[in-house]
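Same order as they appear, the protein sequences are chains A and B. Residue numbers for the first sequence follow this note's numbering, beginning at 9 and rising by one. Residue numbers for the second sequence follow this note's numbering, beginning at 9 and rising by one. These notes are about the structure you will find just below.
There are 2 protein chains.
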Amino acid sequence: MKKGIYIENTPLEKALELWEAKTMSSMRAPLEGEAVPVFESLDRVTADAVFALISSPFYHSSAMDGYAVRFADTFGASELTPKKLALGEQAAYVDTGDPLPEGFNAVIMIEEVNRTNGHGPGEGAADREYIEITRPATPWQHVRVIGEDIVSTELVLPENHRLRPVDIGAVISGGHTTLSVRRRPLIALIPTGSEIVEPGAELKKGDIIEYNSRVLSSLVTQWGGVALRTAPVPDDIEKIKAAILDASERADMVIVNAGSSAGSEDYTARAIAGTGEVLLHGINIKPGKPVILGWVRGKPVIGIPGYPVSAYITFNLFAKPVIYRLQGLPVPRPPVINARLSRQVASSPGQEEFLRVKVGRVGKDLIATPVSRGAGVLMSLVRADGIVRVPAMSEGFGAGTEVGVEMLRPEEEIENTIVCIGSHDNALDLLANVLRKKYPRYSLSSAHVGSMGGLVALKKGEAHLAGTHMLDEKTGEYNVAYIKRLLPDRKIVLINLVYRQQGLVVPKGNPRNIRGFEDLKRQDIVFINRQGGSGTRLLTDKSLMELGIDPGEIRGYQHEEYTHMGVASAVLTGIADTGLAILASARALDLDFIPVANERYDLAIAAEYLQDEKISALLEIIREDRDFRGAVMSLGGYDISDIGKVMYEQ
Amino acid sequence: MKKGIYIENTPLEKALELWEAKTMSSMRAPLEGEAVPVFESLDRVTADAVFALISSPFYHSSAMDGYAVRFADTFGASELTPKKLALGEQAAYVDTGDPLPEGFNAVIMIEEVNRTNGHGPGEGAADREYIEITRPATPWQHVRVIGEDIVSTELVLPENHRLRPVDIGAVISGGHTTLSVRRRPLIALIPTGSEIVEPGAELKKGDIIEYNSRVLSSLVTQWGGVALRTAPVPDDIEKIKAAILDASERADMVIVNAGSSAGSEDYTARAIAGTGEVLLHGINIKPGKPVILGWVRGKPVIGIPGYPVSAYITFNLFAKPVIYRLQGLPVPRPPVINARLSRQVASSPGQEEFLRVKVGRVGKDLIATPVSRGAGVLMSLVRADGIVRVPAMSEGFGAGTEVGVEMLRPEEEIENTIVCIGSHDNALDLLANVLRKKYPRYSLSSAHVGSMGGLVALKKGEAHLAGTHMLDEKTGEYNVAYIKRLLPDRKIVLINLVYRQQGLVVPKGNPRNIRGFEDLKRQDIVFINRQGGSGTRLLTDKSLMELGIDPGEIRGYQHEEYTHMGVASAVLTGIADTGLAILASARALDLDFIPVANERYDLAIAAEYLQDEKISALLEIIREDRDFRGAVMSLGGYDISDIGKVMYEQ
């Protein structure tokens with residue numbers, strides 16, 4: 009085991025400056041042009057200014073259906089003294105777009121003309137056809153003159169311009185059939201690691217399915233480059249060096265994924281140093297610290313960390329600007345909106361944190377809610393609407409702080425998102441899916457903070473609705489007492505979603521023979537708990553109290569999960585022997601289940617949003633959609649006899 | 009010549025409602041799914057919800073480089089009472105990502121551990137290796153537990169979701185190698201017209217280069233569909249009918265381009281009626297009135313007008329929603345910003361006009377300036393930043409009215425655009441191109457309204473700078489007197505760009521033997537004038553006055569063009585025999601030139617923007633860039649001895 013590489017903590021800003029200076033001074037950018045057919049140039053970038061070779065139109069043509077005339081022949085025509093123009097000599101029928109016959113210089117619209125022969129008032133011979141006009145034409149009226157659209161030699165597109173559909177029309181119209189566009193930047197992606205396997209391989213413990221290179225390849229494509237992914241390279245410094253050297257011949261930039269840290273099998277920094285130069289190793293960001301910036305045989309080489317969120321963030325920070333610069337394009341900056349944080353965020357000073365957040369519009373306010381912060385949680389990026397940067401010098405933000413959010417989704421989608429904060433139920437995921445299917449414009453975003461957290465979010469105006477299942481012991485009724493107590497001055501409508509079974513989830517076959525809460529006292533049993541404020545935690549604590557069990561006696565009581573699936577997953581994977589969750593979660597993971605209670609799960613909706621179109625759409629699905637009901641029933645353990653029914657209103 | 013088709017004037021809103029109702033009720037949408045490799049699914053749309061097949065990670069793994077331990081073995085360790093754990097039995101080295109050995113349930117970071125043998129304090133045998141720890145581990149610390157990222161059976165992506173790079177990672181991580189995505193909508197595009205020719209063909213008068221189908225194809229691609237372009241079909245109703253029938257077999261929607269009006273060769277409406285049903289023909293929009301909505305053998309068929317702007321606008325209005333609906337996606341709406349109109353816009357009531365505008369940020373204000381309104385001017389779309397809709401009931405807007413602009417370019421680009429309003433010079437186009445090349449982030453947008461119009465725009469805060477060449481007869485100096493008079497209370501810096509030659513542009517060889525302004529009196533000479541307020545018009549009027557010529561005597565004096573190139577083009581194409589313009593414009597079109605005056609062309613810059621980065625970049629190019637100077641000199645007729653010099657400051 010070789011150690012001895014210590015990674016730095018260079019401030020992000022300094023690292024970006026260094027990288028920009030190096031790439032600006034040492035790369036030939038932008039790339040040279042290549043000729044492509046204009047038809048195939050969509051989204052490519054002009055390598056030269058495009059000037060028109062011909063005018064458009066390139067002949068005078070009629071802008072109307074009508075008659076081409078010489079305007080001088082029309083002088084004196086009026087309602088009282090109509091004038092006849094001989095067809096063929098003085099007037100010629102033209103359709104829109106037809107060239108004007110030589111010598112003609114105006115068009116009279118067909119609607120303003122009578123076809124006639126020489127009979128009747130005005131001059132003209134009886135054997136010929138005429139048009140009769142009642143007012144003079146002005147020079148060049150209704151004529152598309154040469155160059156009306158584009159004048160030959162005119163600048164059609166500047167250099168460094170990304171071609172849009174209309175640009176393609178203009179370039180063709182200007183007489184071009186091919187176009188010089190920048191060669192696409194070639195970006196080599198080298199996945200490394202002896203443990204990585206390709207998707208679809210037979211999996212064994214210790215294998216890691218390689219997908220980072222697929223995410224990074226897709227980003228390269230989106231940014232206008234071409235990704236050259238190599239076969240995975242095992243943790244062998246000579247093989248990694250060879251791969252870097254080979255890639256540096258073929259590509260404009262080389263990306264080595266993983267092995268960028270300082271572990272015993274992290275060879276990337278040494279491989280870059282051994283083939284070229286390491287400019288920097290380690291920056292003060294989180295996630296993404298162990299990034300490596302290097303230079304090998306005239307090409308930029310980046311060592312990208314292995315955790316998927318770290319990989320995504322560092323690739324955006326360091327690879328994206330290079331790919332744009334190679335194309336002669338400005339680096340697009342993400343749109344930033346201001347939002348209010350729904351919860352406090354503590355952050356360790358000394359590192360700039362890239363916090364993933366969900367963003368929702370509730371009334372006038374944009375609310376940002378942090379999602380998982382783990383560098384290994386790719387789903388935090390999938391679920392996120394944006395990123396909040398917590399500065400290196402900061403210890404975090406208090407709840408309610410206004411923060412800038414770099415958006416990952418268009419603001420329009422945010423406006424069309426229903427914000428549901430509170431207790432989780434698997435039926436909510438189905439509801440989200442049916443909503444999206446039936447109303448593609450809308451989506452349901454749910455944050456799982458427990459029933460109490462949901463009602464607090466409603467109170468603070470941070471959610472449209474909250475899922476809740478809190479039993480009031482005095483009345484024996486669910487939710488109503490808590491709404492009265494916590495939200496006395498808000499108009500709330502409480503609508504039932506489901507009744508569901510809660511119970512102790514145990515491994516298949518119940519190997520430890522758990523029969524109920526009383527078994528939690530056993531020292532051979534490890535419990536997994538739910539977080540304080542969740543309805544399920546309330547049910548746990550109430551059950552323990554009734555049995556006179558001191559939570560202090562229970563192993564694992566301190567270990568909290570945030571969702572039913574989290575509890576079931578902990579049981580499945582042996583982290584715990586049992587935990588309280590809904591039947592659907594046990595069914596989903598094929599676990600056994602000891603029923604404890606049948607409980608009511610309602611949605612508390614802020615009444616002011618009932619007329620909102622997206623909330624109406626949601627209620628319509630809850631109340632009427634057969635697919636949704638069928639899907640809920642097939643989860644197991646649900647009773648939907650009151651689905652959509654108003655249980656309480658205030 | 010058959011006539012007899014009269015097109016309607018259906019209100020746009022009614023037409024959109026009718027079309028939506030028909031497509032919703034008569035199409036099978038969204039389209040069915042097809043399996044594709046996950047790697048190739050970027051930007052495709054999920055046809056089913058995607059659930060995880062496996063958890064990620066699917067085994068407990070170390071989140072750090074360090075030692076896997078059983079947390080129970082670590083109890084009691086402290087700084088004072090360090091504990092030794094035997095390597096192999098009680099502790100095992102793990103790299104980040106390594107699976108935890110069976111039975112181990114915590115990881116201690118390598119930095120917190122001393123490797124040691126049994127010697128020294130603490131228990132342990134001298135012949136074995138140990139790690140020494142100084143505090144206990146908590147259960148599952150530094151462990152990525154199974155399902156930390158994705159729990160098996162969890163919803164990874166909903167149906168109708170367009171795949172982003174991170175989604176591809178999540179789907180692979182969830183155990184998938186293929187994915188069911190919506191089949192891409194197939195859109196048949198049938199270009200029609202006996203006069204159309206393919207790009208690159210030998211051109212003769214009357215030919216129209218076919219490019220609409222290339223613009224529409226590119227839009228189809230951008231919207232996620234596949235364009236099936238057929239060979240052009242001549243104006244023959246039977247051939248058009250056959251093409252529609254064939255396309256309706258192969259595609260999900262059929263687009264017939266042009267022939268949608270009511271002229272003698274407009275067969276599209278009859279061809280649709282003859283193969284299916286015309287739902288509607290003609291809507292109250294401008295441009296784009298003669299659109300046809302039809303239905304043939306279960307497929308939507310749209311007759312799209314031939315003018316390029318009409319084609320673009322109607323395709324966006326009627327084809328785009330169908331293409332998105334077929335994919336199960338919401339129809340994206342363009343972002344709308346509010347801007348102030350820089351000029352009055354008159355519009356004919358009864359038609360909703362789609363006005364193309366340039367948009368610029370000058371100080372705090374966003375300013376929208378209309379560009380050409382012709383349906384045939386594709387460059388109006390190329391140059392436009394957005395579209396302002398003038399409602400059907402409106403007679404237009406006054407200057408200064410705040411209007412909503414549907415944006416065609418990202419707002420970031422608008423913010424980085426220098427707004428130059430005023431007199432035109434060919435050197436400005438070169439400057440725009442060099443700016444874009446050297447600073448891809450910035451662009452220079454120039455509106456050509458003449459010198460006077462430019463100074464007025466500066467006064468009203470609608471431009472950063474203005475090109476101007478106005479000779480004050482009293483002082484004999486250019487521009488200064490006008491700035492003093494028109495902008496007495498603005499801080500202005502006047503910087504020279506070029507000295508240039510103005511003269512009479514005449515056809516090659518000067519066939520009418522024009523020697524100077526005195527020849528304009530001749531009745532065989534047609535003049536082309538510049539608009540009032542332009543410096544060139546001032547020069548014309550001054551020259552005529554000095555010669556004692558009454559403008560009323562000059563044929564064509566009333567006919568105004570807005571640019572030097574417009575004047576030169578009119579001479580080239582025979583619209584006029586001569587006009588006053590700069591030498592560069594005559595050179596560009598290979599025309600002859602009779603010098604009249606050498607004049608100074610300056611840029612008047614509002615001093616408050618001198619520190620602005622984009623203005624600094626522009627001045628740097630003017631003052632220092634050799635490429636720019638070389639390009640200006642090669643245009644001909646320019647003297648750049650004072651380029652970049654401050655001529656006046658107030």
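Ideal Cβ positions, reconstructed from N, Cα and C, are used throughout, including at glycine.
DSSP-derived helix/strand/coil call for residue 606 (chain A): Position 598 of the first sequence holds residue 606 (chain A). In the structure shown, residue 606 (chain A) sits in a strand (DSSP, three-state: E or B).
Partner residues on chain B for residue 148 (chain A), Cβ-Cβ distance less than 7 Å: Within the first sequence, residue 148 (chain A) is the residue found at index 140, counting from 1. Here the neighbours are 583.
Test item: CB-CB of residue 583 (chain A) and residue 153 (chain B) under 7 Å: Stepping through the first sequence from its first residue, residue 583 (chain A) is reached at position 575. Stepping through the second sequence from its first residue, residue 153 (chain B) is reached at position 145. Yes.
Pairwise C-alpha distance: residue 294 (chain A) and residue 260 (chain B): As a working mapping, residue 260 (chain B) is identified with position 252 in the second sequence. As a working mapping, residue 294 (chain A) is identified with position 286 in the first sequence. Their backbone Cα atoms lie some 48 Å apart in a straight line.
Three-state class that DSSP yields for residue 9 (chain B) in the structure shown: Indexing the second sequence from 1 puts residue 9 (chain B) at position 1. Here residue 9 (chain B) scores only 35 on pLDDT, less than 50, and its place in the model should not be relied on; the value that follows carries that caveat. In the structure shown, residue 9 (chain B) sits in coil (DSSP, three-state: anything other than H, G, I, E or B).
C-beta neighbour in chain B for residue 366 (chain A), strict 7 Å: Within the first sequence, residue 366 (chain A) is the residue found at index 358, counting from 1. No, residue 366 (chain A) lies away from the interface with chain B (no Cβ there is under 7 Å from its Cβ).
Separation of residue 395 (chain B) from residue 535 (chain B), as counted between CA atoms: Along the second sequence, one-based indexing puts residue 535 (chain B) at 527. Along the second sequence, one-based indexing puts residue 395 (chain B) at 387. Near 35 Å, if we compare the C-alpha coordinates of residue 395 (chain B) and residue 535 (chain B).
Same chain, Cβ closer than 6 Å to residue 650 (chain A), neighbours up to 5 away in sequence not counted: Mapped onto the first sequence, residue 650 (chain A) falls at position 642. Excluding residues within five positions, the ones whose Cβ falls inside 6 Å are 504.
Where the segment 151-175 of chain A meets chain B: residues whose CB sits under 8 Å from a CB there: 152, 153, 154, 155, 156, 157, 158, 159, 160, 161, 162, 163, 164, 165, 166, 167, 168, 169, 172, 173, 174 and 175
Where the alpha helix (DSSP H) containing residue 373 (chain A) begins and where it ends: Stepping through the first sequence from its first residue, residue 373 (chain A) is reached at position 365. First-last for residue 373 (chain A): 373-378, but that is the beta strand (DSSP E), not the alpha helix (DSSP H).
Residue interval of the alpha helix (DSSP H) (run including residue 461 (chain B)): As a position in the second sequence, residue 461 (chain B) is number 453, starting the count at 1. Per DSSP, residue 461 (chain B) belongs to the alpha helix (DSSP H) from 458-467.
Interface positions of the segment 434-468 of chain B facing chain A (Cβ-Cβ less than 7 Å), listed along the chain: 437, 440, 441, 444, 445, 448 and 449
Given 8 Å, three or more beta-carbon pairs between the segment 57-69 of chain A and the segment 90-99 of chain A: no
Closer than 7 Å to chain A by CB, residue 21 (chain B): To locate residue 21 (chain B), count along the second sequence from 1; it is residue 13. Residue 21 (chain B) does not count as touching chain A.
Segments assigned alpha helix (DSSP H), at least 4 residues, entirely inside the segment 16-54 of chain A: 20-34
Chain B contact for residue 12 (chain A) (CB, 7 Å cutoff): By 1-based counting over the first sequence, the position of residue 12 (chain A) is 4. Residue placement at residue 12 (chain A) is flagged as unreliable, the pLDDT there being 45, under the threshold of 50; a coordinate-derived value is accordingly withheld.
At least three beta-carbon pairs within less than 8 Å, the segment 510-529 of chain A to the segment 422-431 of chain A: no
CB contact flag (residue 383 (chain A), residue 499 (chain A), <7 Å): Working through the first sequence from its first residue, we reach residue 383 (chain A) at position 375. Working through the first sequence from its first residue, we reach residue 499 (chain A) at position 491. Cβ distance not < 7 Å, so residue 383 (chain A) and residue 499 (chain A) don't count as in contact.
Residue 242 (chain B) and residue 269 (chain B) closer than 7 Å at C-beta: Taking the first residue of the second sequence as position 1, residue 242 (chain B) is located at position 234. Taking the first residue of the second sequence as position 1, residue 269 (chain B) is located at position 261. It is not a contact, given that the beta carbons lie outside the stated cut-off.
Run of the alpha helix (DSSP H) containing residue 289 (chain A), from where it starts to where it stops: Taking the first sequence and counting its residues from 1, the one referred to as residue 289 (chain A) is at position 281. Counting along the chain, residue 289 (chain A) falls outside any alpha helix (DSSP H), though it belongs to the beta strand (DSSP E) covering 285-289.
Residue 79 (chain A) (DSSP reduced to helix, strand or coil): For the purposes of this step, residue 79 (chain A) is taken as residue 71 along the first sequence, with counting starting at 1. In the structure shown, residue 79 (chain A) sits in a helix (DSSP, three-state: H, G or I).
Close Cβ partners of residue 501 (chain A) (< 7 Å) along its chain, the five nearest in sequence each way excluded: Reading the first sequence from its first residue, position 493 is the one you call residue 501 (chain A). These residues qualify, in order along the chain: 613, 615, 618, 654 and 657.
C-beta contact flag for residue 648 (chain A) and residue 442 (chain A) at 7 Å: Along the first sequence, one-based indexing puts residue 648 (chain A) at 640. Along the first sequence, one-based indexing puts residue 442 (chain A) at 434. In this structure, residue 442 (chain A) does not lie closer than 7 Å to residue 648 (chain A) by Cβ.
Within chain D, the residues that residue 269 (chain A) reaches when beta carbons sit closer than 8 Å: In summary, chain D is missing from the structure at hand, where the protein chains are A and B.
Stretch-stretch touch, CB-based, cutoff 8 Å, three pairs: the segment 27-39 of chain A with the segment 301-311 of chain A: yes
Member of B:221, B:151, B:141 and B:181 whose CA lies at the smallest distance from the CA of residue 173 (chain A): Sequence index remark: in the first sequence, residue 173 (chain A) carries index 165 (1-based). Of B:221, B:151, B:141 and B:181, the residue nearest in Cα terms is B:221.
Sequence-distant residues of the same chain with beta carbon closer than 6 Å to residue 169 (chain B), five excluded per side: To locate residue 169 (chain B), count along the second sequence from 1; it is residue 161. Correct list, in chain order: 54.
Chain B residues whose Cβ lies nearer than 8 Å to that of residue 220 (chain A): Taking the first sequence and counting its residues from 1, one reaches residue 220 (chain A) at position 212. Residues of chain B passing the Cβ test: 177.
Chain B contact for residue 684 (chain A) (CB, 7 Å cutoff): Chain A is shown only over 9 to 658; residue 684 (chain A) falls outside these bounds and no answer can be derived.
For residue 579 (chain A), the nearest candidate out of A:515, A:558 and A:463 (CA to CA): In the first sequence, residue 579 (chain A) corresponds to position 571, counting from 1. Checking every option, the nearest Cα to that of residue 579 (chain A) belongs to A:515.
Collapsed DSSP secondary structure at residue 563 (chain B) in the structure displayed: For the purposes of this step, residue 563 (chain B) is taken as the residue at position 555 of the second sequence. If DSSP states are grouped into helix, strand and coil, residue 563 (chain B) belongs with coil.
Residues sharing a beta bridge with residue 354 (chain A), DSSP: As a position in the first sequence, residue 354 (chain A) is number 346, starting the count at 1. Looking at the DSSP assignment, residue 354 (chain A) forms a beta bridge with A:404.
Candidates B:82, B:533, B:537 and B:453, of which the one nearest residue 5 (chain B) by Cα: Because chain B is modelled from 9 through 658, residue 5 (chain B) falls outside the range shown and cannot be assessed.
Between the CA atoms of residue 194 (chain B) and residue 236 (chain B) - distance to the nearest angstrom: Taking the first residue of the second sequence as 1, we reach residue 236 (chain B) at position 228. Taking the first residue of the second sequence as 1, we reach residue 194 (chain B) at position 186. Between residue 236 (chain B) and residue 194 (chain B), the C-alpha separation is close to 7 Å.
Straight-line gap, residue 232 (chain B) to residue 581 (chain A) (C-alpha atoms, nearest Å): Stepping through the second sequence from its first residue, residue 232 (chain B) is reached at position 224. Stepping through the first sequence from its first residue, residue 581 (chain A) is reached at position 573. Spanning the two alpha carbons is a distance of roughly 41 Å.
Pick from B:358, B:415 and B:399 that is closest to residue 17 (chain B), judged by C-alpha positions: Walking along the second sequence from the start, residue 17 (chain B) turns up at place 9. Per the Cα distances, B:358.
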